[in-house]
Every structure is written in C-alpha cells, then in structure tokens.
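In this text, residue positions in the sequence shown follow the UniProt record's numbering: the first is 1, and each later residue adds one.
Shown next, in structure tokens, is the structure this report addresses.
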Amino acid sequence: MSSFMWSILLYGARKCALRKFCFMFVVICTTLIIAVVLILWSLHCSNSEARAIIRDLCFHHQRGAVLGSMCVNICEKPNFIFKRCMNYNEGKQVYHVKLNDNDIVLKSERRSFYNFPTLGYDLPNGSHIFPSLQEFSRIVRESLWLNARFNFSHISDTTALNSIWSMQFQQFVGSSESLHAAMLSLWSLLQQDEYVMLVRLLHNTHFPHVLGTCGHFYAIDYIPSDAILSPRLVTGGDDWSLRAHVARQFLELAASLDRDFGERVHICDVKADNFGLGADLGVYVIDADSVLVDSRLRAEFAFTTSNENCSSHEACSFFDCLTLCNFETGWCQPQRINSNLQVICRDIFTSRLSNARRGLLRSPPTAIANRLAVILKECVNLISASNEQETYIYSQLDSLLNAKGAQQH
Ligand SMILES: Nc1ncnc2c1ncn2[C@@H]1O[C@H](COP(=O)(O)OP(=O)(O)O)[C@@H](O)[C@H]1O
Ligand SMILES: [Mg+2]
C-alpha cells in the first residue's frame with residue numbers, strides 16, 4: 001500500500017477515536033449534570049408534601065384540636081395562596097404563601113402537630129390528664145425563663161399567656177376541649193426556639209414580625225435573602241453605596257443586640273442565607289434558631305461538658321459562638337470569647353475563603369480601600385477583645401462606611 005493510503009487510514013482512525021472520545025465526554029457530562037440536578041432536587045422540600053402538611057393542619061383545626069389567630073385565614077380564606085416551600089428537606093418547614101396579596105412565610109420546626117412532646121400524662125386506663133390552667137401558666141413561665149430569660153413574674157397568668165400567643169386564653173376557659181387545644185397549640189410553639197426568640201425580640205427592627213399562629217405554625221414577614229449579601233464567584237461592579245448602607249445595617253444590628261435587651265443577645269449561626277434584606281433596605285435575621293440570650297448561651301457551653309470533659313477549644317464552640325476549654329477542669333468556660341461583630345466581619349463583610357476580595361465589603365472605593373482592609377483584619381481577629389477594642393472597631397468601620405469620598409466608586 002502506498003504511503004498516501006497509509007496516511008489516509010491513520011487520519012481516519014484518529015478522527016474516529018476523537019469522535020468516540022467526544023461522544024463519551026458528552027455522555028459522562030450529561031450523566032453528571034443529571035445526577036447533580038436529581039440530588040439537589042431530592043434534597044429540596046417538596047411542594048406537594050408541604051400542601052399535604054397544610055391540609056393536615058386544617059383538618060385538625062376543623063375538628064377543634066388546633067387553634068391560632070391565623071387558622072381561619074390559612075384554612076378557610078380563598079385569598080390564601082400557597083406559593084412554594086423554601087427549605088431543604090431536612091430543615092424546618094418554611095413556606096412562602098400569599099395572604100390578601102401580601103407575601104408572608106409560614107414556619108414550623110416539625111411537620112405535624114403531634115411530633116411535639118405532649119403536655120400532661122396518660123393514665124393506665126388510656127385517658128389523658130392535662131395540667132390545670134394555673135399549672136400550665138407556671139410551666140410556661142418556667143420554660144420561657146429558662147430558654148429566653150422572659151420575665152413574667154410581675155404579670156397575671158393569663159396576661160403572660162396572651163403575651164406569648166396569638167389568641168386570648170380567656171376565650172377558651174369555658175370548654176375543656178378548647179382549653180386543651182389552646183394549651184397544646186401554644187405548647188407546640190414554645191418548643192421552637194425561633195418562635196420564642198421572635199416574640200422576645202418582637203420590637204427590634206432587625207427581626208421579622210410574628211403575624212399570627214396556627215397550631216405549631218407561625219407566620220412572619222417575608223424578607224428574602226439577597227444576592228448582595230452572598231459572596232459570589234464573579235464579583236465587583238455592583239453599587240458600593242448600597243453595600244455600605246447594608247453593612248451599616250449589620251453594624252446597627254450588632255450594636256442593638258449588645259445594648260437593647262437587658263443582657264447581650266448572640267447570633268451563633270452567621271451566614272448570608274440567614275439574613276434577609278427588607279424593602280426598606282434593612283437587614284433582618286430570618287433564621288433565629290441560634291439567636292441566644294447570654295445566660296442561655298452560658299448554659300449551652302456548660303451543657304457541652306456536662307457528660308464529657310472537653311479536650312480542645314473547638315469542642316466548646318456553639319456554632320459561631322466560641323469559648324475556651326479549661327484543660328485543668330475539663331469544662332468549657334461560660335463566657336463567649338468572640339462577638340457578633342467579629343463573626344459578621346469574618347463571614348459577611350469578608351469571606352473566610354478569600355478574605356476581602358469577596359463578601360459584602362468587596363471592591364471598596366480606592367479612597368478607603370487600604371484603611372478598610374486594615375480595620376476588617378483587626379475586626380476578624382477580635383478574639384477575647386475588650387469592650388474598648390470592640391467600640392473602636394465599630395466606630396472606625398462606621399466612619400469608613402459613612403465617609404463622603406467612599407460613597408461613589
Ligand atoms: N422570613 C423569611 N422571608 C423569606 N425567606 C425566608 C424567611 N425565613 C426563611 N426563609 C428562607 O427559608 C430558608 C430556610 O429557613 P431557615 O429558618 O433558615 O431554616 P433552617 O433553620 O432549616 O435553616 C432560608 O434560608 C430562607 O431562604
Ligand atoms: Mg437557616
């Protein structure tokens with residue numbers, strides 16, 4: 001065979017191998033993409049299951065076992081529209097719904113009303129004994145004091161119950177069935193840290209309002225998270241003055257939690273997804289599960305070592321709230337060694353992965369870039385810092401974010 005023929009054959013074989021390779025590459029990529037989409041899809045909650053959960057809630061409401069100010073709206077009004085379920089499968093039940101054209105969110109830690117610990121006890125003959133209203137108020141007062149340092153000692157039993165629930169307890173005292181439904185409904189809500197904290201922090205401008213409840217679900221303002229808060233792969237180009245404004249909102253949130261509640265309030269799970277940006281451009285804490293008053297956080301740290309001695313400082317942390325292990329006693333120290341401000345600087349203003357190049361305060365105007373980088377670094381390192389050091393960082397950040405020359409890029 002001539003050399004010309006050989007080269008044609010060789011060229012054909014190579015082309016064929018390349019085509020096979022391309023074909024295999026496309027098949028593998030498509031399979032991978034489909035697998036990733038399927039995995040993500042299966043991790044996300046299902047709208048049809050969420051609708052079934054609401055139907056179940058309404059079934060129990062209609063038979064009088066579940067009460068709350070929102071039940072009639074959710075179960076009987078045509079202007080209640082389910083939009084979508086918002087969370088991953090194993091997380092809380094979080095539903096975006098519309099009521100009278102207003103966006104709201106329904107939340108509950110568990111799917112069913114009956115998944116919460118019950119109240120009272122069963123007798124051997126099968127009947128169930130509920131606490132009296134007076135006993136119930138005492139249990140509620142104690143649980144609220146332990147969990148959130150709610151102090152109701154100066155008000156009457158029913159006033160205390162009314163201030164933590166969406167309906168007036170007096171309406172139900174005439175019928176034991178209704179009273180038990182009211183107690184169980186409130187009891188299911190009190191098992192949910194977020195509900196308790198949202199009621200405790202109700203008048204703070206950085207938390208969504210509780211608009212009402214139905215059984216174990218509570219309705220709050222819809223305040224979605226915003227891309228501006230999330231570090232992105234491709235950054236830059238967006239409005240610095242808006243980001244500086246949002247950053248000042250975070251500073252104001254941190255200052256308010258230090259100042260406005262008698263004792264400090266700690267946000268122990270700081271990530272962009274857990275904050276919403278309101279239409280008023282205010283920053284809101286939309287996942288308040290890990291928002292703890294100081295004394296409750298101290299109890300959490302102590303609880304860490306109630307069964308076993310600590311052997312590292314890391315073993316003592318409660319999510320983003322850090323403390324030290326005392327290696328001599330084997331106990332976690334009760335006081336937190338970092339602060340809301342430190343974690344906000346670390347996880348919101350900058351990014352742990354690439355520091356100031358991502359995060360909310362990425363790409364600052366040149367006029368403040370160097371100074372800001374220095375202060376942010378100091379802020380991220382605020383561990384075991386004094387009040388004076390914290391106050392200094394607050395004021396430096398605040399004035400840099402307010403600086404006139406820094407408003408325009
Ligand atoms: N008030 C709200 N407004 C808008 N979206 C919300 C609100 N609360 C929660 N979400 C959305 O639902 C997601 C899950 O809610 P979250 O309370 O964080 O649940 P989990 O405790 O399971 O993380 C949030 O990341 C957010 O996207
Ligand atoms: Mg969350």
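A virtual CB, placed ideally from N, CA and C, is assigned to each residue, including glycine.
| query | result |
| --- | --- |
| Considering only heavy atoms of ligand 2, does any lie closer than 7 Å to the CB of residue 347? | no |
| Quick one: grab the DSSP three-state call for residue 44. | strand |
| Please report the straight-line C-alpha distance between residue 302 and residue 258, rounded to a whole angstrom. | 22 Å |
| I need the straight-line Cα distance from residue 71 to residue 25, nearest angstrom please. | 54 Å |
| Can you tell me whether residue 323 is buried or exposed, with buried defined as 16 or more other CB within 10 angstroms of its CB? | buried |
| Identify every run of the beta strand (DSSP E) within the UniProt domain "FAM69 N-terminal" (13–162), keeping only runs that are complete inside it and at least 3 residues long; order them along the chain. | 80–85, 93–99, 102–108 |
| Can residue 98 be considered in contact with ligand 1, in the sense that its beta carbon sits closer than 7 Å to one or more heavy atoms? | no |
| Bridge partners of residue 293, per DSSP? | 265 |
| Pull up the distance between the alpha-carbon of residue 342 and that of residue 131, whole angstroms please. | 45 Å |
| What does the alpha-carbon distance come out to for the pair residue 345 and residue 94? | 28 Å |
| Between which residues of its own chain and residue 398 is the CB-CB distance below 8 Å, once the five residues before and five after are set aside? | 248, 251 |
| Would you tell me roughly how many angstroms separate the C-alpha atoms of residue 122 and residue 217, rounded to the nearest one? | 25 Å |
| Would residue 244 pass as a contact of residue 376 if the rule is Cβ separation under 8 Å? | no |
| Using C-beta distances below 7 Å, list every residue in its chain close to residue 263, excluding the 5 sequence neighbours before and after it, in chain order. | 149, 293, 294, 295 |
| What is the DSSP secondary structure of residue 165, counted as helix, strand or coil? | coil |
| Can you give me the Cβ contacts of residue 17 inside the same chain, cut-off strictly under 8 Å, excluding the 5 residues immediately before and after it? | none |
| Determine the burial state of residue 78: buried for a count of at least 16 other Cβ atoms within 10 Å of its Cβ, exposed for fewer. | exposed |
| Per DSSP, what are the beta-bridge partners of residue 219 in this structure? | 106, 212 |
| Is it true that the CB of residue 213 sits closer than 8 Å to the CB of residue 175? | no |
| Taking the C-alpha atoms as reference points, what is the distance between residue 220 and residue 209? | 5 Å |
| Compare the C-alpha of residue 59 against each of 113, 46, 224, 92 and name the closest. | 113 |
| I think residue 81 touches residue 107, with their Cβ atoms under 8 Å apart; what is that distance to the nearest whole Å? | With a Cβ gap of about 17 Å, residue 81 and residue 107 do not count as contacting. |
| Name the residue from 84, 91, 287, 116 whose alpha carbon lies nearest to the alpha carbon of residue 103. | 84 |
| Any heavy atom of ligand 2 closer than 7 Å to the Cβ of residue 226? | no |
| Using alpha carbons as the reference points, say which of 74, 75, 151, 111 lies closest to residue 90. | 111 |
| Does DSSP put residue 326 in a helix, in a strand, or in coil? | strand |
| Around the Cβ of residue 297, are there at least 16 other Cβ atoms within 10 angstroms (buried) or fewer (exposed)? | buried |
| Would you decide whether residue 350 is buried or exposed? Buried here means 16 or more other CB atoms lie within 10 Å of its CB. | buried |
| To the nearest angstrom, report how far apart residue 254 and residue 340 are at their CA atoms. | 6 Å |
| What are the boundary residues of the beta strand (DSSP E) that includes residue 285? | 283–285 |
| According to DSSP, what are the bridge partners of residue 276? | 284 |
| Tell me which residues share the same chain as residue 236 and place their Cβ nearer than 6 Å to its Cβ, disregarding the 5 neighbours each side in the sequence. | In this predicted model, residue 236 has a pLDDT of only 49, less than 50, meaning its place in the structure is not dependable; the value taken from the coordinates is given anyway. The answer, listed in chain order, is 363. |
| Taking residue 186 as the reference, which of 309, 266, 67, 228 has the closest Cα? | 67 |
| Among the residues of its own chain, which have a CB less than 7 Å from the CB of residue 177, if the five just before and after it don't count? | 64 |
| With 16 other CB atoms within 10 Å as the buried threshold, where does residue 330 fall? | exposed |
| Closer than 6 Å between the C-beta and any heavy atom of ligand 2: which residues qualify, listed along the chain? | 273, 274, 287 |
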